[in-house]
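Below is one structure, written out as structure tokens, with a few remarks after it.
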């Protein structure tokens, strides 16, 4: 499943699944545990990489060609000041959230 966002009258699929997360974490030398604080330590370069990878994997899942370079993605962001916020909102929406109120505490087994 992927989301679609519109920028300058063009629609782009965006996907942040395991393949996208793995690519991003590996490219940045981050561990999975670092995902909890990614928003607090997100540099501009990392934010652009995250957008680029989300667009790339959205195109892959939607079976659309994706030939954009990192610089092409920067140009898209320059042309639409809201694009980064749109893609990062998809990132936030597609991240697993802990269930509230339904979590059961581990039960001890009787010996």
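Numbering (our numbering), first residue to last: 65 to 175. Backbone N, C-alpha and C define an ideal beta-carbon position, used for all residues, glycine too.
Residue range of the beta strand (DSSP E) that includes residue i
i	result
residue 19	Only positions 65 to 175 of the chain appear in this structure, which leaves residue 19 out of reach.
residue 74	74–78
8 angstroms CB neighbourhood of residue i in its chain, flanking five on each side removed
i	result
residue 95	89
residue 167	Note that residue 167 scores a pLDDT of 48, beneath 50, so its modelled location is shaky; the value from the coordinates is reported in the next line. If we look at residue 167 and ignore the five residues flanking it on each side, it has no Cβ neighbours.
Close-in-space but distant-in-sequence residues of the same chain around residue i (CB under 7 angstroms, 5 per side omitted)
i	result
residue 131	none
residue 66	77, 78, 79, 122, 125 and 126
residue 109	none
residue 137	112, 115, 116 and 119
Rounded Cβ spacing between residue i and residue j (contact assumed at less than 8 angstroms)
i	j	result
residue 118	residue 155	6 angstroms
residue 43	residue 71	Since the first and last residues shown for the chain are 65 and 175, residue 43 lies out of range.
residue 141	residue 102	Actually they are not in contact, since the Cβ atoms of residue 141 and residue 102 sit about 18 angstroms apart, beyond 8 angstroms.
First through last residue of the alpha helix (DSSP H) which encompasses residue i
i	result
residue 105	Run containing residue 105: none; DSSP gives neither H nor E here.
residue 135	134–143
residue 150	147–158
residue 86	82–92
Under 9 angstroms between C-beta atoms of residue i and residue j
i	j	result
residue 79	residue 158	yes
residue 125	residue 77	yes
residue 98	residue 105	yes
Same chain, Cβ closer than 6 angstroms to residue i, five either side skipped, listed in chain order
i	result
residue 87	117
residue 249	No information on residue 249 is available, as it lies outside the stretch 65 to 175 that the chain covers here.
residue 150	69
residue 81	none
Cutoff 9 angstroms: residue i Cβ touching any chain D Cβ
i	result
residue 128	Annotation note: the requested chain D is absent from the structure, which comprises a single protein chain.
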